[in-house]
DNA sequence: CGACGGGTTGAGCCAGCTCAATGGGCGTGG
DNA sequence: CCACGCCCATTGAGCTGGCTCAACCCGTCG
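Residue numbers (UniProt numbering), protein chains in the order written: chain B, 1 to 240; chain L, 1 to 240.
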């Protein structure tokens, strides 16, 4: 199972996929492409012939405000769909951009649509993925809207750890966290200067450490308690 | 068309429903129930045999923080599903409560599931509703996280007007807005005292007026401009 | 009549902001 | 090999939007 691709690892949490489903998902990709950091995936208005899945790297959904500030509204990690079902909404109400170099897998829209019709467990898993995205947005709304900036950062790191763990991208309490303080600021809606101060505070309290873009959640329990992090909203299975 | 129920009026925006689809949706409700203001719909853990749709009144999704504050993360207006597909996530990560007296329609889960399988346009319309909910969450995240409290309130009122208009619950620029300042505070994550001050300011600027729980967006254009409101994220059709 | 749930207003406070300056790492060009 | 520029992290200083606390008013309801 360790060699399963990230999409399958993730979707396993959404349905009890059978061997045949796994086989189908293994053959679902049409092709792959590499994209550098800071590029927009999926230009607006472009006819969406393919669905995109992140295979490596990190991307985000974002909106740009009239004054030029960037608001990041979702993080897209390995295994995440970028644009499942954009066809239904017709036009994008946000942009999707890479935060690091990324490897993107492409699925032909028709192939996926067929699978959703004929294989109920795959259908269920994709529904699950969509609903979890929504649940994450609700939690972010609470995080951004109600918590102190220290709690916000702590909560973000706890969530990142939990999500990366499900696709096998953590090592114990540490993981690769390539975001600049400016990116973290765009994620949380606080200023980059303040990100710096809060990070120092979390470090000084011995809750985490950061070196070479690798973050170590030294005291995960403490971070979770501080930030009121409870992973139920991610709706992950514990028995995989 | 004026006598169509709110669910149908709303779903028309998600797909070009045919007469037979409309007929099916008209007969979809199993029964109705009335609920007073301030009640929780859908208790946690309860086996979800029915899907709930708001027929009148207003409800919300909310989470309660450890310190007792309430964060409202969605507004549920007439025509909105409360719990389409909760079955897939297994357990609720939030609560659903009424903000006013409500009339709720119940749909048997199996009946709806059957329709989603057999009638593609109904399936598409329900997907559309789910994806719009997600788009609204993204916009709220920007609203709560980035905009000034004056912009936040203005944006909320513009959105409410647009959403209520699609189900025929506005009269020109005015509509019934039964929220207390405390509720508005829970919606935006600001204090009730501050809601008061900002409302006064919006009134003093001649942008809106409020009387007997009815709000009048005197200068809708001005409110939209102030708050950077652009209704594309609601993905409504203009030609209905 | 009193209690209670709103709305309104004043006064002082503080988390997080902006502006500004400094230092380190790194790629580029001379 | 060094000089330069650039991006990012860091730190200081002062400002402010929105907060809390605390009154007070009004209409409604038991």
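From the three backbone atoms N, C-alpha and C, an ideal C-beta is built for every residue, glycine too.
Inset, instruction - Have a look at residue 248(B) and residue 227(L) and give me their C-alpha separation to the nearest angstrom. - result: Summary: the structure shown does not reach residue 248(B), with chain B confined to residues 1 through 240, and so no result is reported for it.
Legend entry - Residues of the stretch 69 to 99 of chain B with Cβ closer than 8 Å to any Cβ of chain L, in chain order: 69, 71, 73, 74, 85, 88, 89, 90, 91, 93 and 94
Legend entry - Cβ neighbours of residue 152(L) in the same chain (closer than 6 Å, five flanking residues each side left out): 143 and 188
Inset, instruction - Kindly indicate if chain L contains any beta-carbon less than 8 Å away from that of residue 135(B). - result: yes
Inset, instruction - Write down every uninterrupted run of the alpha helix (DSSP H) in the stretch 65 to 138 of chain L whose length is 4 residues or greater and which is fully enclosed by it, in chain order. - result: Taken in chain order, the complete alpha helix (DSSP H) segments of 4 residues or longer contained in the stretch 65 to 138 of chain L are 86 to 89 and 109 to 118.
Legend entry - CB contact check: residue 142(B) to chain L, cutoff 8 Å: yes
Inset, instruction - Note down, in chain order, each residue of its chain lying with its Cβ closer than 6 Å to the Cβ of residue 80(B), except the 5 sequence neighbours on either side. - result: 54
Legend entry - Contact set for residue 224(L): own chain, Cβ-Cβ below 6 Å, skip 5 residues either direction: 158
Inset, instruction - For the beta strand (DSSP E) holding residue 210(B), just list the boundary residues, first then last. - result: 209 to 211
Inset, instruction - Please work out which residues of its chain come closer than 6 Å, Cβ to Cβ, to residue 190(B), disregarding the five sequence neighbours upstream and downstream, and give them in chain order. - result: Once the five neighbours on either side are set aside, the close Cβ partners of residue 190(B) are 149.
Inset, instruction - Flag residue 93(L) as yes when its Cβ comes closer than 7 Å to any non-hydrogen atom of the ligand NAP, and as no otherwise. - result: Ligands in the displayed structure: none, and consequently the ligand NAP is not present.
Inset, instruction - For my contact list, residue 58(L) and residue 77(L) are in at a C-beta cut-off of 8 Å; report their separation, rounded to the angstrom. - result: 6 Å
Legend entry - the stretch 128 to 138 of chain L in contact with the stretch 128 to 143 of chain B per 3-pair CB rule at 8 Å: yes
Inset, instruction - Quick one: which residues of the UniProt domain "HTH crp-type" (147 to 221) of chain L get their C-beta closer than 7 Å to a C-beta of chain B? List them in chain order. - result: 189
Inset, instruction - Could you check which residue in 125(L), 100(L) and 140(L) has the C-alpha nearest to that of residue 233(L)? - result: 140(L)
Inset, instruction - Determine, using beta carbons only, whether residue 3(L) comes closer than 8 Å to chain B. - result: no
Inset, instruction - Could you work out which residues of chain B lie near residue 30(L), taking near to mean beta carbons separated by less than 8 Å? - result: By Cβ distance, chain B contributes nothing, its closest Cβ being about 23 Å from residue 30(L), past 8 Å.
Legend entry - Residues that residue 41(L) bridges to, as DSSP identifies them: 96(L)
Inset, instruction - Could you please give the first and the last residue of the uninterrupted alpha helix (DSSP H) stretch that includes residue 51(L)? - result: First-last for residue 51(L): 50 to 56, but that is the beta strand (DSSP E), not the alpha helix (DSSP H).
Legend entry - 9 Å Cβ cut-off: residues of chain B touching residue 66(L): 228
Legend entry - Rounded straight-line distance, which links the Cα of residue 72(B) to that of residue 107(L): 37 Å
Legend entry - Whole-angstrom C-beta distance between residue 235(L) and residue 89(B), which should lie under 8 Å: 5 Å
Inset, instruction - Pull up the distance between the alpha-carbon of residue 49(L) and that of residue 113(L), whole angstroms please. - result: Rounded to whole angstroms, residue 49(L) to residue 113(L) spans 12 Å at the Cα level.
Legend entry - Identified DSSP bridge partners for residue 171(B): BP columns for residue 171(B) point to 174(B).
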